[in-house]
Amino acid sequence: MKTTEEIYKILKEKYPESTGDLITGQPVEEFISIAPLKISEICLFLRDNEELLFDNLMNLSGVDDANGENKKDETGANTIEGGTLGVFYHLESTKLRHKLTIKAAAPRENPEVASVAEIWYCANWHEREAFDLYGINFLNHPDLRRILMPYDWDAGYPLRKDYKNPEFYQGMKVPY
Amino acid sequence: MGLLDKQFSDDNIIITKVDDLLNWARLSSLWQVGFGLACCAIEMMATSASHYDFDRFGVIPRPSPRQSDVIIISGTVTLKMAIRVKRLYEQMPDPKYVISMGSCSNCGGPYWEHGYHVLKGVDRVIPVDVYVPGCPPRPEALLEGLMKLQDKIRHETLVKKSA
Amino acid sequence: MLDFESEKEMITEENNIDYKSGNIKTEEMVLNMGPQHPSTHGVLRLELELDGEIILNVIPHIGYLHRCFEKHCEAMTYPQVIPYTDRMDYLASMYNEFGYAVAVERLCSIEIPERVEYIRVIMGEFQRIASHLVALGTYGADIGAVTPFLFCFRDREKILSLFEMTCGARLLYNYIWIGGVSHDLHPDFIRLAKEFVTYFKPKIKELNDLLTNNKIFIQRTANVGVMPLETAINYGFTGPNLRASGLKWDLRRDDPYSIYNKFDFDIPIGDGRMGTVGDSWDRYYVRVLEMEQSLKILEQALNQIPEGDVTSAVPKRVKPPVGQIYSRVENPRGELGYFIMSNGTVNPYRIKVRGPSFVNLSALGELCRGHMIADVIAILGSIDIVLGDVDR
Numbered sequence: 068m069k070t071t072e073e074i075y076k077i078l079k080e081k082y083p084e085s086t087g088d089l090i091t092g093q094p095v096e097e098f099i100s101i102a103p104l105k106i107s108e109i110c111l112f113l114r115d116n117e118e119l120l121f122d123n124l125m126n127l128s129g130v131d132d133a134n135g136e137n138k139k140d141e142t143g144a145n146t147i148e149g150g151t152l153g154v155f156y157h158l159e160s161t162k163l164r165h166k167l168t169i170k171a172a173a174p175r176e177n178p179e180v181a182s183v184a185e186i187w188y189c190a191n192w193h194e195r196e197a198f199d200l201y202g203i204n205f206l207n208h209p210d211l212r213r214i215l216m217p218y219d220w221d222a223g224y225p226l227r228k229d230y231k232n233p234e235f236y237q238g239m240k241v242p243y
Numbered sequence: 055m056g057l058l059d060k061q062f063s064d065d066n067i068i069i070t071k072v073d074d075l076l077n078w079a080r081l082s083s084l085w086q087v088g089f090g091l092a093c094c095a096i097e098m099m100a101t102s103a104s105h106y107d108f109d110r111f112g113v114i115p116r117p118s119p120r121q122s123d124v125i126i127i128s129g130t131v132t133l134k135m136a137i138r139v140k141r142l143y144e145q146m147p148d149p150k151y152v153i154s155m156g157s158c159s160n161c162g163g164p165y166w167e168h169g170y171h172v173l174k175g176v177d178r179v180i181p182v183d184v185y186v187p188g189c190p191p192r193p194e195a196l197l198e199g200l201m202k203l204q205d206k207i208r209h210e211t212l213v214k215k216s217a
Numbered sequence: 052m053l054d055f056e057s058e059k060e061m062i063t064e065e066n067n068i069d070y071k072s073g074n075i076k077t078e079e080m081v082l083n084m085g086p087q088h089p090s091t092h093g094v095l096r097l098e099l100e101l102d103g104e105i106i107l108n109v110i111p112h113i114g115y116l117h118r119c120f121e122k123h124c125e126a127m128t129y130p131q132v133i134p135y136t137d138r139m140d141y142l143a144s145m146y147n148e149f150g151y152a153v154a155v156e157r158l159c160s161i162e163i164p165e166r167v168e169y170i171r172v173i174m175g176e177f178q179r180i181a182s183h184l185v186a187l188g189t190y191g192a193d194i195g196a197v198t199p200f201l202f203c204f205r206d207r208e209k210i211l212s213l214f215e216m217t218c219g220a221r222l223l224y225n226y227i228w229i230g231g232v233s234h235d236l237h238p239d240f241i242r243l244a245k246e247f248v249t250y251f252k253p254k255i256k257e258l259n260d261l262l263t264n265n266k267i268f269i270q271r272t273a274n275v276g277v278m279p280l281e282t283a284i285n286y287g288f289t290g291p292n293l294r295a296s297g298l299k300w301d302l303r304r305d306d307p308y309s310i311y312n313k314f315d316f317d318i319p320i321g322d323g324r325m326g327t328v329g330d331s332w333d334r335y336y337v338r339v340l341e342m343e344q345s346l347k348i349l350e351q352a353l354n355q356i357p358e359g360d361v362t363s364a365v366p367k368r369v370k371p372p373v374g375q376i377y378s379r380v381e382n383p384r385g386e387l388g389y390f391i392m393s394n395g396t397v398n399p400y401r402i403k404v405r406g407p408s409f410v411n412l413s414a415l416g417e418l419c420r421g422h423m424i425a426d427v428i429a430i431l432g433s434i435d436i437v438l439g440d441v442d443r
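These protein sequences, in sequence, are chains A, B and C.
Position one of the first sequence corresponds to residue 68 (my numbering), numbered consecutively onward.
Position one of the second sequence corresponds to residue 55 (my numbering), numbered consecutively onward.
Position one of the third sequence corresponds to residue 52 (my numbering), numbered consecutively onward.
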């Protein structure tokens, strides 16, 4: 069983440029931030290394960091420009009984993160959901399309903080 | 006295109006489409199970909409599903009836405020006859809704109302 | 695009089907099992690519019940989210609330009284039995056996009347609050619960005689949809599905929450006695054995429950510190995880729910390859999904 600091040391030795900081000090979880385009390489290492053996991806979730600046667009509605969209990965090892949280943050205008769907198969649908609700593009994903919203939904990405509801969808009124 | 008065010694004969006969036949055997969307579907299944029996009212679940009279919309109707609900409704032959069960299909339910993918009430796509409120409605409430529908059918008529 | 000829050979060898293609030209067909279907347990659309009766690929289409739970959470306060968590996995509502309450209490470091812990465990285990009864009853109904469905629902009504006595609702409760529960137990509850436990033990034997050891049932489900262990872990299988593939992994033991470490219970795993380890019969039988283990936990909990005040630790305002947590519990369907991010205000910043059915369903394509259309129903029923959890 390893703690997060020990895993952070191992990662920092092997991949010094791609590994970011270890964020500690806030309850309850500590997480390591990693460069978004190198995630798949690092995750393959995390899965196959004998000391780490992370064979189970528990959760993959997109997050809107909303750390850009708030601006008003032409209709007077609030939009956010700049900042990042993040993806959190929660990993676990069933054999060695330790857990890890990592985060990849991509710029809001063109969010691209390397896909881990070939490493853990359960990431396939989780990444499709993050694409559907946040618009994060996963590179090398076998089948990236919308999963929960209708396939022809063109009104944006619903879980972003500056999302606006459309008035009509195929003849049906959307607001109450 | 008329030609047919007191000519029959058997008492196996009932005299009635065609309207009443047809309405009685329709309301005693309403076959429903087996269509459950969400949590209300579990209460509908519990209503058809043995504790609160649906079969004693003549209601049998049929798998296909082309063989049924009534569709019970039980559960939240999302925008993706609403198009298919409309299609199912159009596939049912006349006379057909709709019972909207639960708050989600009445008016959007608890998701009315921020639901970007929820249709606020199934009556935006198909015409509804009876609304059963509740979240989820008890099986007794659904049975009362069914009885109200039966009442409605009892007062129907074949004659087209003029003006 | 598939390499059609080699795929045909592979299917023939695996299933011992004497397939003489001769000079007949064949084509693939796409069949749609639409959102309205008597056996899909809700609104799920399956697209089957077929070669005659044999399946080449299954593509599930979901999203027909997407009710925007995560967007609602960002607008509500922490206690107001609880009725929405009920409605996600509507067959195991108590457990959804339990998981959410555990997650928020870990984030805020709230200590709860012991009586509350016992009440939560009792409600959770009753809910597990009720949920497994629905799963087994509908599984029998899908395969073609209608009688176990009625028997299971009859027993479930008794559990629902116990719940109704406590909190007034049959299906969606809003009972387990952050820091406690909403009402204390009715004075008659413990006596009636103990009577239920004694009443239910022979009913499991009845169910076994009807369905589990039935020759037709075994022929329909053994060796169908086999999931080997390494693939299962990679696909994220959890819960009874993972235990049926042979791994003793139960979050009540391996990542303990609440007071489960005080109780003594076994963890049943699948051993392939009717076919291969990890087939549909194993997934079904693990659920039957789990019901017995739940009864064991219930007996211990009902005997040991202490007195106390159940609402003393409920905070007036829930305002967690800035931070995040991923916390998980063992739902009847698998691992239910809540990832909560807080920014110090009374509204959550982000709540992501890792639904067990969402992850279990993604393996359907892998499980169905090479089987026939009728087996798809058997496999889908054995995975036991609830669409509210898949789509949230």
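Even glycine gets a Cβ: it sits at the ideal position worked out from N, Cα and C.
Fair warning: this is a prediction, and the values are worked out from it, not measured in the lab.
Give the DSSP bridge partners of residue 390 of chain C, in chain order.
-> Note: residue 390 of chain C sits in a beta bridge opposite C/377 and C/403.
Using a Cβ cut-off of 8 Å, which residues of the region 171 to 192 of chain B contact any Cβ in chain A, in chain order?
-> Answer in chain order: 171, 173, 174, 178 and 179.
With respect to the alpha helix (DSSP H) encompassing residue 177 of chain C, which residues constitute its N-terminal and C-terminal limits?
-> Per DSSP, the unbroken alpha helix (DSSP H) holding residue 177 of chain C starts and ends at 165 to 194.
Can you grab the Cα-Cα spacing for the pair residue 214 of chain A / residue 129 of chain B, in whole Å?
-> Each residue's alpha carbon lies about 21 Å from the other.
Taking 7 Å as the cut-off, decide whether the C-beta atoms of residue 385 of chain C and residue 440 of chain C are in contact.
-> Going by beta carbons, residue 385 of chain C and residue 440 of chain C fall outside the 7 Å limit.
Can you tell me whether DSSP reads residue 193 of chain A as helix, strand or coil?
-> If DSSP states are grouped into helix, strand and coil, residue 193 of chain A belongs with the helices.
Kindly indicate if chain C contains any beta-carbon less than 7 Å away from that of residue 194 of chain A.
-> No, no contact with chain C.
Would you kindly check if the distance between the Cβ of residue 324 of chain C and the Cβ of residue 311 of chain C is under 7 Å?
-> 7 Å or more divides the Cβ of residue 311 of chain C from the Cβ of residue 324 of chain C.
For my contact list, residue 173 of chain A and residue 203 of chain A are in at a C-beta cut-off of 8 Å; report their separation, rounded to the angstrom.
-> So it is a contact: roughly 7 Å between Cβ atoms.
Mind listing the chain C neighbours of residue 142 of chain B? Cutoff is C-beta to C-beta under 7 Å, in chain order.
-> Neighbours of residue 142 of chain B on chain C, chain order: 87.
Below 7 Å between beta carbons: does that hold for residue 139 of chain C and residue 175 of chain C?
-> Their beta carbons are not under 7 Å apart, which means residue 139 of chain C does not touch residue 175 of chain C by this criterion.
Using a Cβ-Cβ cut-off of 7 Å, state whether residue 169 of chain B counts as contacting chain C.
-> At least one beta carbon of chain C lies nearer than 7 Å to the beta carbon of residue 169 of chain B.
How many angstroms separate the CA atom of residue 160 of chain C from the CA atom of residue 355 of chain C?
-> Whole-angstrom Cα-Cα distance: 25 Å.
Drop a sphere of 10 angstroms on the beta-carbon of residue 381 of chain C, count the other beta-carbons inside from all chains shown, and report buried for 16 or more, exposed for fewer.
-> Its Cβ being crowded by 16 or more others within 10 Å, residue 381 of chain C is buried.
Measure the alpha-carbon distance for residue 335 of chain C versus residue 273 of chain C and round it to whole angstroms.
-> Rounded to whole angstroms, residue 335 of chain C and residue 273 of chain C show a C-alpha spacing of 10 Å.
Cβ-Cβ distance between residue 119 of chain C and residue 402 of chain C below 7 Å = Between residue 119 of chain C and residue 402 of chain C, the gap from beta carbon to beta carbon reaches 7 Å or more.
What does residue 243 of chain A reach in chain B if we use C-beta pairs closer than 8 Å?
-> For residue 243 of chain A, the residues of chain B that pass the 8 Å Cβ criterion are 162, 166, 167 and 174, in the order they occur in the chain.
Beta carbon proximity, residue 390 of chain C to chain A, threshold 7 Å = So yes, residue 390 of chain C belongs to the interface.
Any chain A beta carbon closer than 7 Å to residue 285 of chain C = So yes, residue 285 of chain C belongs to the interface.
Partners in chain C for residue 105 of chain B, counting only beta-carbon separations shorter than 8 Å | Correct list: 204, 205 and 208.
Use the C-beta contact count for residue 281 of chain C: other C-beta atoms within 10 angstroms, 16 or more gives buried, fewer gives exposed.
-> Exposed: under 16 other Cβ atoms inside 10 Å.
Could you tell me whether any Cβ in chain B is nearer than 7 Å to the Cβ of residue 429 of chain C?
-> It does not: the Cβ of residue 429 of chain C has no partner Cβ on chain B nearer than 7 Å.
Chain A residues whose Cβ lies nearer than 8 Å to that of residue 401 of chain C = Ordered by position in chain A, the residues that pass the 8 Å Cβ test against residue 401 of chain C are 128, 130 and 131.
Report buried or exposed for residue 144 of chain A, applying the criterion of at least 16 other Cβ atoms within 10 angstroms of its Cβ.
-> Classification for residue 144 of chain A: exposed.
Name, going along the chain, the residues of the region 222 to 234 of chain C whose beta-carbon falls closer than 9 Å to a beta-carbon of chain A.
-> Hits within the stretch: zero.
Note down, in chain order, all residues in the region 374 to 389 of chain C with a beta-carbon under 9 Å from any beta-carbon belonging to chain B.
-> Only those residues of the region 374 to 389 of chain C whose C-beta falls short of 9 Å from the nearest C-beta of chain B would be listed, and there are none.
Based on the DSSP secondary-structure assignment, which residues constitute the bridge partners of residue 86 of chain B?
-> In the DSSP assignment, the residues bridged to residue 86 of chain B are B/115 and B/124.
Between the C-alpha atoms of residue 67 of chain C and residue 180 of chain A, what's the straight-line distance to the nearest angstrom?
-> For residue 67 of chain C, the predicted structure reports a pLDDT of 49, less than 50, and the residue's modelled location is therefore unreliable. The matter cannot be settled from this model.
Using DSSP bridges, identify the partner residues of residue 226 of chain A.
-> Answer is none; residue 226 of chain A lacks a bridge partner.
Quick one: what does DSSP say residue 53 of chain C is sitting in, helix, strand or coil?
-> Note that residue 53 of chain C has pLDDT 48, beneath the 50 cutoff, so the model's placement of it is unreliable and the number below is only indicative. Taken through DSSP and simplified to helix, strand or coil, residue 53 of chain C comes out as coil.
Could you list the residues in the region 125 to 140 of chain B with a C-beta less than 7 Å from some C-beta on chain C, going in chain order?
-> For the region 125 to 140 of chain B, which is checked against every Cβ of chain C, the residues closer than 7 Å are 130, 132, 134, 135 and 138.
Among B/132, B/206 and B/150, nearest to residue 168 of chain B - alpha-carbon criterion | It is B/132 whose Cα lies nearest to the Cα of residue 168 of chain B.
Secondary structure of residue 98 of chain A, DSSP reduced to three states = Three-state result, residue 98 of chain A: strand.
DSSP bridge partner residues for residue 97 of chain C (one or two, in chain order) | Paired residues: C/84 and C/111.
Would residue 149 of chain B count as contacting chain C if we go by Cβ distances under 7 Å?
-> Answer no: the Cβ-Cβ gap between residue 149 of chain B and chain C never drops below 7 Å.
Would you check if the distance between the CB atom of residue 106 of chain A and the CB atom of residue 98 of chain A is smaller than 7 Å?
-> Not a contact, by the Cβ cut-off of 7 Å.
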